[in-house]
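Just remember that my numbering sits 32 ahead of the position in the sequence shown, which is counted from 1.
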Amino acid sequence: MTPQSPRKPNHDQPPRKPRLGPRPQPVSSPGTVACSGCQRRFVKSRFDAALRVCPACNHHNRLPALMRVRNILDAESYAPLPTPAGERDPLSFDDGMPYRTRLEHERTSKQVDEVFHAATGTINGIPAAVAAMEFSFFGGSLGEAAGLQFLTVCKAAVQRGLPLVCFCSSGGARMQEGLVSLMQMARCTAAVSLLADASLPYMTILCDPCFGGVSASFAAQADIILAEPHARIGFAGGRVIEQASHGKLPAGFQTAEFILEHGMVDMICERKEIKSVVATLLGALEQEGHARSS
Ligand SMILES: [Zn+2]
Numbered sequence: 033m034t035p036q037s038p039r040k041p042n043h044d045q046p047p048r049k050p051r052l053g054p055r056p057q058p059v060s061s062p063g064t065v066a067c068s069g070c071q072r073r074f075v076k077s078r079f080d081a082a083l084r085v086c087p088a089c090n091h092h093n094r095l096p097a098l099m100r101v102r103n104i105l106d107a108e109s110y111a112p113l114p115t116p117a118g119e120r121d122p123l124s125f126d127d128g129m130p131y132r133t134r135l136e137h138e139r140t141s142k143q144v145d146e147v148f149h150a151a152t153g154t155i156n157g158i159p160a161a162v163a164a165m166e167f168s169f170f171g172g173s174l175g176e177a178a179g180l181q182f183l184t185v186c187k188a189a190v191q192r193g194l195p196l197v198c199f200c201s202s203g204g205a206r207m208q209e210g211l212v213s214l215m216q217m218a219r220c221t222a223a224v225s226l227l228a229d230a231s232l233p234y235m236t237i238l239c240d241p242c243f244g245g246v247s248a249s250f251a252a253q254a255d256i257i258l259a260e261p262h263a264r265i266g267f268a269g270g271r272v273i274e275q276a277s278h279g280k281l282p283a284g285f286q287t288a289e290f291i292l293e294h295g296m297v298d299m300i301c302e303r304k305e306i307k308s309v310v311a312t313l314l315g316a317l318e319q320e321g322h323a324r325s326s
């Protein structure tokens with residue numbers, strides 16, 4: 033057995049990086065939240081005050097529907113719009129746990145009744161109705177109750193002669209309601225036409241993620257469509273499309289920036305700018321309306 037010679041440095045290969053072990057995880061402490069973009073932790077109250085936009089990486093973290101509505105409306109003007117959801121279980125669905133039990137659990141744990149939260153008020157002094165979708169509730173999915181809620185909001189806006197601003201965030205149809213869920217696309221489309229018939233402006237802001245039956249109906253039917261930076265927006269998921277088409281999707285596919293380039297949204301807007309941009313646009317549309325009617 034010959035003794036092994038000491039290993040000589042190989043100058044043809046790049047030097048090995050020192051092993052650092054597993055990446056250190058930020059320590060969770062009470063009253064702090066992590067940015068889902070960079071994982072840094074921030075004091076929750078300050079993070080909320082910044083509308084959950086990360087000061088380190090500018091990632092627009094998900095925002096509850098109530099916060100979205102309250103933030104865009106002038107504080108003293110906020111008036112919640114009742115959108116009764118009721119009990120909906122059209123298929124008596126049970127996948128090991130009855131759908132009604134799941135609904136009850138979601139309602140209790142998320143402290144919301146259904147997907148939409150809506151209110152009326154003013155946006156920098158301009159009267160408007162505002163609705164927002166709660167993604168944390170069944171992935172913001174469009175079930176029968178959510179469809180009814182959206183119709184209720186559209187009717188209320190028409191009755192009061194208000195423009196409607198809607199923050200859309202959804203995974204699409206609600207699987208527990210099958211075909212009844214898909215029918216809500218037609219219901220919501222008809223609801224949008226009520227606003228059009230009344231010559232009332234309708235604006236949507238597409239937030240991450242916005243997919244399926246929502247992006248294929250009322251989210252894309254607005255007079256003006258805004259999107260938050262880097263929001264994922266599409267119909268089917270990218271992986272499903274790649275499997276079906278046997279092709280590689282382009283970089284950045286199904287992002288707000290990509291679909292802006294392809295003309296499917298009008299503008300990408302930082303969250304902190306949304307209120308002033310919406311107010312400016314509504315003001316311009318209001319003036320246009322007055323000019324036409326006079
Ligand atoms: Zn971050």
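Backbone N, C-alpha and C define an ideal beta-carbon position, used for all residues, glycine too.
Distances between the C-beta of Arg72 and the heavy atoms of ligand 1 include at least one below 7 Å.
Bridge pairing for Leu194: absent [DSSP]. With contact defined as three or more Cβ pairs closer than 8 Å, the stretch 176-188 and the stretch 141-148 are in contact. When distances are taken from the beta-carbon of Cys301 to the heavy atoms of ligand 1, even the shortest one reaches 7 Å or more. Fewer than three beta-carbon pairs drawn from the stretch 151-171 and the stretch 78-90 are found closer than 8 Å, and the two stretches are therefore not classed as touching.
When C-alpha distances from Phe199 are compared across Leu98, His278, His294, the shortest belongs to Leu98.
With a contact defined as Cβ atoms closer than 8 Å, Gly270 and Phe285 qualify at about 6 Å. Distance from the Cα of Ser173 is smallest, within the candidate group Ser213, Leu183, Glu305, Ala263, for Ser213.
With contacts defined by Cβ atoms closer than 8 Å, Thr115 and Gln181 form a contacting pair. Tyr131 sits in a helix when the DSSP states are folded into three classes. Between the alpha carbons of Arg139 and Glu119 lies a distance of about 12 Å. As a beta-bridge residue in DSSP terms, Cys200 pairs with Leu238. Taking the CA atoms as reference points, Ala288 sits about 31 Å from Ala111. Ranked by how close their Cα comes to the Cα of Ala150, the residues Ala160, Lys76, Gly245 have Ala160 in first place. In the same chain as Thr64, and ignoring 5 residues on each side of it, the C-beta atoms closer than 7 Å to its own belong to Arg73, Phe74, Val75, Lys76, in chain order.
At least one heavy atom of ligand 1 lies less than 7 Å from the C-beta of His91. Residue range 73-75 is occupied by the beta strand (DSSP E) that includes Arg73. When distances are taken from the beta-carbon of Ala263 to the heavy atoms of ligand 1, even the shortest one reaches 7 Å or more. Relative to the non-hydrogen atoms of ligand 1, the Cβ of Ala81 never comes closer than 7 Å to any of them. Of the other Cβ atoms in all chains shown, 16 or more fall within 10 Å of the Cβ of Arg206; this residue is therefore buried.
Pairing Met217 with Ala248 gives a Cβ-Cβ distance under 8 Å.
If you draw a straight line from the Cα of Thr133 to the Cα of Phe243, it comes to about 26 Å. The alpha helix (DSSP H) runs of length 4 or more contained entirely in the stretch 212-260 are, from start to end of the chain, 244-247. Between ligand 1 and the CB of Cys200, the shortest heavy atom gap is not smaller than 7 Å.
Bounds of any alpha helix (DSSP H) do not take in Val297, whose DSSP letter is neither H nor E. In the DSSP assignment, Gly153 is bridged to Ala160.
For Cys70, the closest C-alpha among the options Leu317, Cys89, Leu113, Arg78 is that of Cys89.
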